[in-house]
Amino acid sequence: MLEKMKNAWRIPELRKKIIYTFGMLLIYRLLCVIPVPGINVSAVASAVKDYSILDFMNMMTGGSFQNMSIMAMGITPYINSSIILQLLTVAIPALEKLANEGPEGRKKINEYTRYLTVVLAFIQAVGLVFAMRANSYGGVWYLVIGLSMAAGSALAMWIGERITENGIGNGISLLIMAGIVSNMFNWGRQATVGMVAGTVHPIAVIVIVLALLAMIVAITFVDMGERRIPIQYAKRVVGRKMYGGQSTYIPMKINSTGVMPLIFGFAILQFPATIFAFFPTSGINVWWQGFQSGIWYQIVLAVLIIAFTYFYTSITFNPVDISKNMQQNGGIIPGIRQGRATSDYLSRVSGRLTLFSALFLAVLATIPTLLTRIFGISAPFGASSVLIAVSVGIETIRQVEAQMVMRHHKGFLG
770 MLEKMKNAWR
780 IPELRKKIIY
790 TFGMLLIYRL
800 LCVIPVPGIN
810 VSAVASAVKD
820 YSILDFMNMM
830 TGGSFQNMSI
840 MAMGITPYIN
850 SSIILQLLTV
860 AIPALEKLAN
870 EGPEGRKKIN
880 EYTRYLTVVL
890 AFIQAVGLVF
900 AMRANSYGGV
910 WYLVIGLSMA
920 AGSALAMWIG
930 ERITENGIGN
940 GISLLIMAGI
950 VSNMFNWGRQ
960 ATVGMVAGTV
970 HPIAVIVIVL
980 ALLAMIVAIT
990 FVDMGERRIP
1000 IQYAKRVVGR
1010 KMYGGQSTYI
1020 PMKINSTGVM
1030 PLIFGFAILQ
1040 FPATIFAFFP
1050 TSGINVWWQG
1060 FQSGIWYQIV
1070 LAVLIIAFTY
1080 FYTSITFNPV
1090 DISKNMQQNG
1100 GIIPGIRQGR
1110 ATSDYLSRVS
1120 GRLTLFSALF
1130 LAVLATIPTL
1140 LTRIFGISAP
1150 FGASSVLIAV
1160 SVGIETIRQV
1170 EAQMVMRHHK
1180 GFLG
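Each step along the sequence shown adds one to the number in the numbering used here, with nothing skipped, and position 351 is 1120.
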(Lines of atoms letter the chains of each structure in order from A and count residues from 1; the text may use other names and numbers.)
(Lines give C-alpha, C1' and ligand atoms only; values in the text may rest on other atoms or scores of the structure.)
Protein backbone atom coordinates (compact mmCIF):
# COMPACT_ATOMS: atom_id res chain seq x y z
CA MET A 1 0.00 0.00 0.00
CA LEU A 2 2.80 2.43 0.93
CA GLU A 3 4.63 1.61 -2.30
CA LYS A 4 1.49 2.37 -4.33
CA MET A 5 1.07 5.67 -2.51
CA LYS A 6 4.70 6.51 -3.35
CA ASN A 7 4.07 5.66 -7.01
CA ALA A 8 1.07 7.99 -7.04
CA TRP A 9 3.17 10.79 -5.50
CA ARG A 10 5.93 10.32 -8.09
CA ILE A 11 3.57 11.24 -10.95
CA PRO A 12 3.90 15.05 -11.30
CA GLU A 13 0.40 15.68 -12.66
CA LEU A 14 -1.23 13.44 -10.05
CA ARG A 15 0.86 14.98 -7.26
CA LYS A 16 -0.30 18.44 -8.34
CA LYS A 17 -3.94 17.35 -8.25
CA ILE A 18 -3.55 15.79 -4.78
CA ILE A 19 -1.87 18.91 -3.36
CA TYR A 20 -4.56 21.13 -4.91
CA THR A 21 -7.34 18.98 -3.41
CA PHE A 22 -5.87 18.97 0.10
CA GLY A 23 -5.15 22.71 -0.15
CA MET A 24 -8.76 23.55 -1.02
CA LEU A 25 -10.06 21.24 1.73
CA LEU A 26 -7.78 23.02 4.21
CA ILE A 27 -9.15 26.41 3.12
CA TYR A 28 -12.69 25.11 3.56
CA ARG A 29 -11.99 23.84 7.09
CA LEU A 30 -10.34 27.17 8.02
CA LEU A 31 -13.46 29.02 6.84
CA CYS A 32 -15.51 26.75 9.11
CA VAL A 33 -14.12 28.53 12.22
CA ILE A 34 -15.07 32.09 11.12
CA PRO A 35 -18.11 33.01 13.28
CA VAL A 36 -21.27 34.78 12.12
CA PRO A 37 -21.94 38.00 14.07
CA GLY A 38 -24.97 38.34 16.33
CA ILE A 39 -25.35 34.64 17.20
CA ASN A 40 -26.05 33.20 20.66
CA VAL A 41 -23.86 30.08 20.38
CA SER A 42 -25.07 28.58 23.68
CA ALA A 43 -28.67 28.63 22.38
CA VAL A 44 -27.57 26.81 19.25
CA ALA A 45 -25.64 24.18 21.25
CA SER A 46 -28.73 23.56 23.39
CA ALA A 47 -30.97 23.23 20.32
CA VAL A 48 -28.56 20.78 18.67
CA LYS A 49 -28.85 18.50 21.72
CA ASP A 50 -32.66 18.74 21.77
CA TYR A 51 -33.34 18.16 18.05
CA SER A 52 -31.87 15.06 16.40
CA ILE A 53 -32.21 16.60 12.92
CA LEU A 54 -30.00 19.53 13.98
CA ASP A 55 -27.49 17.06 15.39
CA PHE A 56 -27.49 15.40 11.97
CA MET A 57 -26.78 18.75 10.27
CA ASN A 58 -23.99 19.46 12.76
CA MET A 59 -22.47 16.06 11.98
CA MET A 60 -22.61 16.70 8.22
CA THR A 61 -20.86 20.09 8.59
CA GLY A 62 -18.13 18.88 10.94
CA GLY A 63 -19.33 20.98 13.90
CA SER A 64 -19.66 24.20 11.88
CA PHE A 65 -23.41 24.35 12.55
CA GLN A 66 -23.08 24.21 16.33
CA ASN A 67 -20.33 26.85 16.20
CA MET A 68 -22.50 28.97 13.85
CA SER A 69 -19.69 29.80 11.45
CA ILE A 70 -20.26 31.24 7.99
CA MET A 71 -20.12 27.62 6.79
CA ALA A 72 -22.87 26.53 9.22
CA MET A 73 -25.18 25.49 6.36
CA GLY A 74 -22.24 23.88 4.59
CA ILE A 75 -23.05 22.18 1.35
CA THR A 76 -26.49 21.01 2.59
CA PRO A 77 -28.46 23.67 0.63
CA TYR A 78 -26.65 22.57 -2.55
CA ILE A 79 -27.64 18.95 -1.91
CA ASN A 80 -31.25 19.94 -1.24
CA SER A 81 -31.43 22.10 -4.38
CA SER A 82 -29.90 19.27 -6.45
CA ILE A 83 -32.55 16.87 -5.12
CA ILE A 84 -35.35 19.36 -5.85
CA LEU A 85 -34.10 19.97 -9.42
CA GLN A 86 -33.71 16.24 -9.99
CA LEU A 87 -37.30 15.56 -8.92
CA LEU A 88 -38.60 18.53 -10.93
CA THR A 89 -36.76 17.22 -13.99
CA VAL A 90 -38.90 14.08 -13.82
CA ALA A 91 -42.13 16.02 -13.14
CA ILE A 92 -41.75 19.03 -15.50
CA PRO A 93 -41.42 18.25 -19.25
CA ALA A 94 -39.54 21.50 -19.98
CA LEU A 95 -36.79 20.61 -17.50
CA GLU A 96 -36.72 17.01 -18.74
CA LYS A 97 -36.22 18.29 -22.28
CA LEU A 98 -33.46 20.61 -21.05
CA ALA A 99 -31.71 17.72 -19.28
CA ASN A 100 -31.72 15.68 -22.50
CA GLU A 101 -30.09 18.45 -24.56
CA GLY A 102 -26.59 17.33 -23.70
CA PRO A 103 -23.83 19.43 -22.05
CA GLU A 104 -25.55 22.77 -22.69
CA GLY A 105 -28.79 21.59 -21.07
CA ARG A 106 -26.99 20.19 -18.03
CA LYS A 107 -25.03 23.44 -17.76
CA LYS A 108 -28.29 25.37 -17.59
CA ILE A 109 -29.71 23.06 -14.93
CA ASN A 110 -26.50 23.44 -12.90
CA GLU A 111 -26.97 27.20 -13.12
CA TYR A 112 -30.52 26.87 -11.75
CA THR A 113 -29.14 24.65 -8.98
CA ARG A 114 -26.64 27.34 -7.94
CA TYR A 115 -29.33 30.04 -7.76
CA LEU A 116 -31.63 27.78 -5.76
CA THR A 117 -28.75 26.90 -3.40
CA VAL A 118 -28.26 30.55 -2.37
CA VAL A 119 -32.02 31.07 -1.86
CA LEU A 120 -32.40 27.89 0.20
CA ALA A 121 -29.31 28.72 2.29
CA PHE A 122 -30.70 32.17 3.16
CA ILE A 123 -34.20 30.89 4.03
CA GLN A 124 -32.90 27.92 6.00
CA ALA A 125 -30.38 30.02 7.94
CA VAL A 126 -32.90 32.71 8.94
CA GLY A 127 -35.57 30.11 9.78
CA LEU A 128 -33.32 27.98 11.98
CA VAL A 129 -31.80 30.98 13.82
CA PHE A 130 -35.30 32.33 14.48
CA ALA A 131 -36.58 28.93 15.63
CA MET A 132 -33.63 28.43 18.00
CA ARG A 133 -33.92 31.99 19.35
CA ALA A 134 -30.19 32.28 18.63
CA ASN A 135 -30.18 35.91 17.42
CA SER A 136 -28.68 38.09 20.17
CA TYR A 137 -29.87 41.40 18.70
CA GLY A 138 -32.92 40.78 16.48
CA GLY A 139 -34.23 42.99 13.67
CA VAL A 140 -31.85 43.59 10.80
CA TRP A 141 -29.40 41.05 12.17
CA TYR A 142 -31.54 38.27 10.71
CA LEU A 143 -30.70 39.70 7.29
CA VAL A 144 -26.98 39.86 8.17
CA ILE A 145 -26.98 36.28 9.45
CA GLY A 146 -28.91 34.97 6.43
CA LEU A 147 -26.66 36.72 3.91
CA SER A 148 -23.48 35.59 5.74
CA MET A 149 -24.50 31.93 5.74
CA ALA A 150 -25.82 32.09 2.17
CA ALA A 151 -22.46 33.52 1.09
CA GLY A 152 -20.73 30.71 3.00
CA SER A 153 -22.78 28.05 1.19
CA ALA A 154 -22.07 29.71 -2.16
CA LEU A 155 -18.35 29.73 -1.36
CA ALA A 156 -18.46 26.07 -0.29
CA MET A 157 -20.21 25.23 -3.57
CA TRP A 158 -17.51 27.11 -5.52
CA ILE A 159 -14.70 25.30 -3.65
CA GLY A 160 -16.34 21.95 -4.39
CA GLU A 161 -16.64 22.73 -8.10
CA ARG A 162 -12.99 23.82 -8.26
CA ILE A 163 -11.87 20.55 -6.65
CA THR A 164 -13.93 18.55 -9.16
CA GLU A 165 -12.41 20.51 -12.04
CA ASN A 166 -8.77 20.76 -10.96
CA GLY A 167 -8.28 18.15 -8.22
CA ILE A 168 -9.03 14.51 -7.48
CA GLY A 169 -12.53 13.19 -6.84
CA ASN A 170 -15.93 14.84 -6.58
CA GLY A 171 -15.43 18.16 -4.77
CA ILE A 172 -18.90 18.39 -3.21
CA SER A 173 -18.64 14.87 -1.83
CA LEU A 174 -15.14 15.50 -0.50
CA LEU A 175 -16.33 18.61 1.39
CA ILE A 176 -19.02 16.53 3.08
CA MET A 177 -16.50 13.79 3.84
CA ALA A 178 -14.08 16.35 5.34
CA GLY A 179 -16.81 17.55 7.72
CA ILE A 180 -17.76 14.00 8.71
CA VAL A 181 -14.15 12.96 9.39
CA SER A 182 -13.55 16.18 11.36
CA ASN A 183 -16.60 15.45 13.50
CA MET A 184 -15.34 11.93 14.23
CA PHE A 185 -11.96 13.28 15.36
CA ASN A 186 -13.74 15.80 17.62
CA TRP A 187 -15.79 12.98 19.12
CA GLY A 188 -12.62 10.93 19.72
CA ARG A 189 -11.05 13.85 21.57
CA GLN A 190 -14.17 14.40 23.71
CA ALA A 191 -14.49 10.66 24.44
CA THR A 192 -10.84 10.54 25.56
CA VAL A 193 -11.36 13.51 27.89
CA GLY A 194 -14.53 11.87 29.23
CA MET A 195 -12.75 8.57 29.95
CA VAL A 196 -9.93 10.37 31.77
CA ALA A 197 -12.48 12.34 33.83
CA GLY A 198 -14.49 9.19 34.54
CA THR A 199 -17.71 10.46 32.95
CA VAL A 200 -17.57 8.06 29.98
CA HIS A 201 -17.18 4.30 30.38
CA PRO A 202 -14.38 2.82 28.21
CA ILE A 203 -16.58 -0.16 27.27
CA ALA A 204 -19.12 2.17 25.66
CA VAL A 205 -16.41 3.83 23.56
CA ILE A 206 -14.98 0.45 22.50
CA VAL A 207 -18.41 -0.85 21.45
CA ILE A 208 -19.15 2.31 19.42
CA VAL A 209 -15.74 2.14 17.68
CA LEU A 210 -16.27 -1.56 16.87
CA ALA A 211 -19.75 -0.76 15.53
CA LEU A 212 -18.24 1.97 13.34
CA LEU A 213 -15.64 -0.44 11.95
CA ALA A 214 -18.33 -3.08 11.31
CA MET A 215 -20.45 -0.51 9.46
CA ILE A 216 -17.47 0.51 7.33
CA VAL A 217 -16.78 -3.13 6.36
CA ALA A 218 -20.47 -3.81 5.60
CA ILE A 219 -20.90 -0.60 3.57
CA THR A 220 -17.71 -1.31 1.62
CA PHE A 221 -18.94 -4.82 0.78
CA VAL A 222 -22.37 -3.60 -0.33
CA ASP A 223 -21.03 -0.55 -2.17
CA MET A 224 -18.55 -2.58 -4.23
CA GLY A 225 -20.82 -5.61 -4.68
CA GLU A 226 -22.74 -6.18 -7.91
CA ARG A 227 -24.82 -8.81 -9.67
CA ARG A 228 -23.49 -9.54 -13.16
CA ILE A 229 -26.12 -10.54 -15.75
CA PRO A 230 -24.39 -12.40 -18.64
CA ILE A 231 -25.17 -11.27 -22.21
CA GLN A 232 -24.33 -13.14 -25.42
CA TYR A 233 -24.36 -11.19 -28.70
CA ALA A 234 -25.24 -13.08 -31.89
CA LYS A 235 -22.86 -13.07 -34.84
CA ARG A 236 -23.81 -10.79 -37.75
CA VAL A 237 -22.30 -10.58 -41.23
CA VAL A 238 -22.19 -7.06 -42.67
CA GLY A 239 -20.59 -7.02 -46.13
CA ARG A 240 -17.45 -9.14 -45.82
CA LYS A 241 -17.02 -8.58 -42.10
CA MET A 242 -18.46 -10.50 -39.17
CA TYR A 243 -19.62 -8.58 -36.08
CA GLY A 244 -20.79 -9.70 -32.64
CA GLY A 245 -20.34 -13.11 -31.11
CA GLN A 246 -18.72 -11.73 -27.94
CA SER A 247 -19.91 -12.24 -24.36
CA THR A 248 -20.29 -9.45 -21.80
CA TYR A 249 -22.48 -8.67 -18.77
CA ILE A 250 -24.74 -6.04 -17.22
CA PRO A 251 -23.31 -4.90 -13.85
CA MET A 252 -26.19 -4.34 -11.40
CA LYS A 253 -24.95 -2.79 -8.17
CA ILE A 254 -26.35 -4.11 -4.90
CA ASN A 255 -26.87 -0.54 -3.69
CA SER A 256 -27.52 1.43 -6.85
CA THR A 257 -29.20 4.32 -5.01
CA GLY A 258 -26.24 5.21 -2.81
CA VAL A 259 -27.05 7.57 0.05
CA MET A 260 -30.00 9.30 -1.64
CA PRO A 261 -32.81 7.40 0.20
CA LEU A 262 -31.26 8.32 3.55
CA ILE A 263 -31.00 11.99 2.56
CA PHE A 264 -34.60 11.95 1.30
CA GLY A 265 -35.82 10.33 4.51
CA PHE A 266 -34.07 12.82 6.79
CA ALA A 267 -35.16 15.72 4.58
CA ILE A 268 -38.84 14.73 4.86
CA LEU A 269 -38.63 14.48 8.66
CA GLN A 270 -36.65 17.73 8.83
CA PHE A 271 -39.53 19.74 7.35
CA PRO A 272 -42.07 19.35 10.20
CA ALA A 273 -39.27 19.77 12.76
CA THR A 274 -38.38 23.15 11.23
CA ILE A 275 -42.04 24.29 11.12
CA PHE A 276 -42.88 23.19 14.68
CA ALA A 277 -39.72 24.82 16.04
CA PHE A 278 -41.26 28.24 15.28
CA PHE A 279 -43.80 27.45 18.04
CA PRO A 280 -41.60 26.11 20.87
CA THR A 281 -44.31 26.18 23.57
CA SER A 282 -47.12 24.70 21.47
CA GLY A 283 -48.53 21.27 22.14
CA ILE A 284 -47.64 20.03 18.65
CA ASN A 285 -43.97 20.93 19.17
CA VAL A 286 -43.90 19.17 22.56
CA TRP A 287 -45.48 16.12 20.92
CA TRP A 288 -42.93 16.21 18.07
CA GLN A 289 -39.98 16.29 20.47
CA GLY A 290 -41.37 13.22 22.19
CA PHE A 291 -42.01 11.57 18.83
CA GLN A 292 -38.39 12.18 17.75
CA SER A 293 -37.06 10.41 20.82
CA GLY A 294 -39.44 7.46 20.51
CA ILE A 295 -39.40 4.19 18.58
CA TRP A 296 -42.08 5.37 16.11
CA TYR A 297 -39.69 8.01 14.73
CA GLN A 298 -37.23 5.25 13.83
CA ILE A 299 -40.02 3.15 12.28
CA VAL A 300 -41.26 6.06 10.15
CA LEU A 301 -37.67 6.84 9.09
CA ALA A 302 -37.12 3.19 8.09
CA VAL A 303 -40.37 3.13 6.06
CA LEU A 304 -39.41 6.36 4.28
CA ILE A 305 -35.95 5.00 3.45
CA ILE A 306 -37.43 1.77 2.01
CA ALA A 307 -40.01 3.72 -0.02
CA PHE A 308 -37.44 6.16 -1.40
CA THR A 309 -35.06 3.30 -2.27
CA TYR A 310 -37.73 1.78 -4.51
CA PHE A 311 -38.69 5.20 -5.91
CA TYR A 312 -35.10 6.18 -6.74
CA THR A 313 -34.41 2.78 -8.32
CA SER A 314 -37.51 3.15 -10.50
CA ILE A 315 -36.27 6.44 -12.00
CA THR A 316 -32.65 5.35 -12.46
CA PHE A 317 -33.11 1.78 -13.77
CA ASN A 318 -35.41 1.04 -16.72
CA PRO A 319 -35.44 -2.69 -17.65
CA VAL A 320 -37.67 -2.07 -20.70
CA ASP A 321 -35.15 0.31 -22.28
CA ILE A 322 -32.29 -2.08 -21.52
CA SER A 323 -34.22 -4.97 -23.07
CA LYS A 324 -34.99 -2.94 -26.23
CA ASN A 325 -31.36 -1.87 -26.55
CA MET A 326 -30.17 -5.47 -26.21
CA GLN A 327 -32.66 -6.69 -28.82
CA GLN A 328 -31.64 -4.00 -31.31
CA ASN A 329 -27.98 -5.03 -30.95
CA GLY A 330 -28.59 -8.77 -31.07
CA GLY A 331 -27.94 -9.35 -27.37
CA ILE A 332 -29.61 -12.08 -25.33
CA ILE A 333 -29.44 -13.34 -21.76
CA PRO A 334 -28.75 -17.11 -21.92
CA GLY A 335 -31.94 -19.03 -21.16
CA ILE A 336 -34.16 -15.94 -21.39
CA ARG A 337 -36.18 -14.92 -24.45
CA GLN A 338 -35.75 -11.47 -25.95
CA GLY A 339 -38.31 -8.72 -25.38
CA ARG A 340 -40.85 -8.93 -22.56
CA ALA A 341 -39.24 -11.97 -20.91
CA THR A 342 -35.89 -10.17 -20.68
CA SER A 343 -37.39 -7.01 -19.14
CA ASP A 344 -39.38 -9.14 -16.65
CA TYR A 345 -36.23 -11.03 -15.69
CA LEU A 346 -34.27 -7.80 -15.18
CA SER A 347 -37.16 -6.40 -13.11
CA ARG A 348 -37.13 -9.47 -10.84
CA VAL A 349 -33.37 -9.26 -10.29
CA SER A 350 -33.58 -5.52 -9.69
CA GLY A 351 -36.46 -6.05 -7.24
CA ARG A 352 -34.45 -8.53 -5.14
CA LEU A 353 -31.39 -6.25 -5.07
CA THR A 354 -33.57 -3.24 -4.21
CA LEU A 355 -35.26 -5.11 -1.35
CA PHE A 356 -31.89 -6.06 0.14
CA SER A 357 -30.55 -2.54 -0.34
CA ALA A 358 -33.66 -0.94 1.24
CA LEU A 359 -33.56 -3.18 4.31
CA PHE A 360 -29.80 -2.70 4.63
CA LEU A 361 -30.12 1.11 4.58
CA ALA A 362 -33.08 1.04 6.99
CA VAL A 363 -31.19 -1.09 9.53
CA LEU A 364 -28.08 1.03 9.05
CA ALA A 365 -30.03 4.21 9.86
CA THR A 366 -31.19 2.89 13.26
CA ILE A 367 -27.84 1.59 14.58
CA PRO A 368 -26.42 4.95 15.87
CA THR A 369 -29.68 5.75 17.71
CA LEU A 370 -29.76 2.32 19.35
CA LEU A 371 -26.14 2.69 20.49
CA THR A 372 -26.89 6.12 21.95
CA ARG A 373 -29.87 4.80 23.91
CA ILE A 374 -28.08 1.70 25.19
CA PHE A 375 -24.83 3.35 26.30
CA GLY A 376 -25.98 6.92 26.92
CA ILE A 377 -23.22 8.43 24.78
CA SER A 378 -23.75 10.14 21.44
CA ALA A 379 -22.38 8.18 18.49
CA PRO A 380 -19.95 10.20 16.31
CA PHE A 381 -21.63 8.96 13.15
CA GLY A 382 -24.93 8.49 11.41
CA ALA A 383 -25.72 5.89 8.79
CA SER A 384 -25.71 8.47 6.02
CA SER A 385 -22.46 10.05 7.15
CA VAL A 386 -20.60 6.72 7.25
CA LEU A 387 -22.10 5.68 3.91
CA ILE A 388 -21.04 9.00 2.35
CA ALA A 389 -17.53 8.83 3.81
CA VAL A 390 -16.94 5.23 2.67
CA SER A 391 -18.48 5.73 -0.78
CA VAL A 392 -16.53 8.94 -1.41
CA GLY A 393 -13.32 7.29 -0.20
CA ILE A 394 -13.78 4.30 -2.55
CA GLU A 395 -14.65 6.54 -5.51
CA THR A 396 -11.64 8.81 -4.89
CA ILE A 397 -9.31 5.81 -4.68
CA ARG A 398 -10.74 4.53 -7.96
CA GLN A 399 -10.01 7.87 -9.64
CA VAL A 400 -6.44 7.88 -8.35
CA GLU A 401 -6.11 4.26 -9.49
CA ALA A 402 -7.36 5.15 -12.98
CA GLN A 403 -4.76 7.91 -13.23
CA MET A 404 -2.03 5.45 -12.18
CA VAL A 405 -3.14 2.72 -14.60
CA MET A 406 -3.03 5.25 -17.45
CA ARG A 407 0.63 5.76 -16.59
CA HIS A 408 1.35 2.00 -16.32
CA HIS A 409 1.32 1.81 -12.51
CA LYS A 410 -0.66 -0.81 -10.64
CA GLY A 411 -3.56 0.80 -8.73
CA PHE A 412 -4.57 0.59 -5.06
CA LEU A 413 -7.39 -1.86 -5.75
CA GLY A 414 -5.44 -3.91 -8.25
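The C-beta atom is built at its ideal place from N, Cα and C for all residues, glycine as well.
If you're wondering where the values come from, they're calculated on a predicted model, not measured in any experiment.
Answer yes if the region 908-920 comes into contact with the region 887-898, meaning at least three C-beta pairs across the two stretches below 8 Å, and no otherwise.
Flag = yes, the region 887-898 and the region 908-920 touch.
Taking the alpha-carbon positions, what's the Q1097 to D1090 distance?
One C-alpha to the other measures close to 11 Å.
Just verifying my parser: in three-state terms, what is the DSSP assignment at T1017?
Strand at T1017.
Rounded C-alpha distance that separates F1035 from A1134:
Going by C-alpha positions, F1035 is about 10 Å away from A1134.
Verify whether the separation of the beta carbon atoms of L1122 and M993 is less than 8 Å.
No, they are not a contact pair.
When L1139, V1159 and G936 are compared against P781, the one with the closest alpha-carbon
Out of L1139, V1159 and G936, G936 has the C-alpha closest to the C-alpha of P781.
Run the CB neighbour count on N952, radius 10 Å, all protein chains shown included, and call it buried at 16 or more, exposed below.
With 16 or more other CB atoms across the displayed protein chains lying within 10 angstroms of its CB, N952 is buried.
Could you pull out every unbroken alpha helix (DSSP H) segment of at least 4 residues lying fully inside the region 944-1004, listed in chain order?
You should have 971-993.
Residue range of the unbroken alpha helix (DSSP H) whose run includes S1083:
Following the DSSP letters along the chain, one finds S1083 inside the alpha helix (DSSP H) bounded by residues I1064 to T1085.
Residues near L857 in its chain [Cβ-Cβ closer than 7 Å; skip 5 each side]:
Cβ within range, chain order: L864.
DSSP bridge partner residues for S838 (one or two, in chain order)
Beta-bridge pairing links S838 to P804.
So the alpha helix (DSSP H) V859 belongs to, where does it begin and stop?
In the DSSP annotation of this structure, the continuous segment of the alpha helix (DSSP H) that includes V859 starts and ends at T845 to A860.
Tell me which residue opens and which closes the alpha helix (DSSP H) that Q1061 is part of.
Its alpha helix (DSSP H) spans residues G1052 to Q1061.
Measure the C-alpha to C-alpha separation of W1056 and M1095 and round it to an integer number of angstroms.
Computed Cα separation, rounded: 54 Å.
Go ahead and pull the three-state DSSP assignment for G1100.
Shown here, G1100 sits in a strand according to DSSP, grouped into three states.
Bridge partners of K1022, per DSSP?
DSSP lists E995 as partners of K1022.
Buried or exposed: which applies to Y884, given that a residue is buried once 16 or more other Cβ atoms fall within 10 Å of its Cβ?
Under this definition Y884 is an exposed residue.
Using a 10 Å radius around the Cβ and a threshold of 16 neighbouring Cβ atoms, would you call F1045 buried or exposed?
A residue is called buried once 16 or more other Cβ atoms fall within 10 Å of its Cβ, and F1045 is buried on that count.
When the distance is taken between beta carbons, is A966 closer than 8 Å to I1136?
Their beta carbons are not under 8 Å apart, which means I1136 does not touch A966 by this criterion.
Could you tell me if T886 is buried or exposed, where buried requires 16 or more neighbouring beta carbons within 10 angstroms of its beta carbon?
So T886 ends up on the buried side.
Do you know whose CA, among T1078, S1092 and G843, lies nearest R798's CA?
Answer by Cα proximity: G843.
To the nearest angstrom, report how far apart A1127 and M793 are at their CA atoms.
A1127 and M793: Cα-Cα distance of roughly 35 Å.
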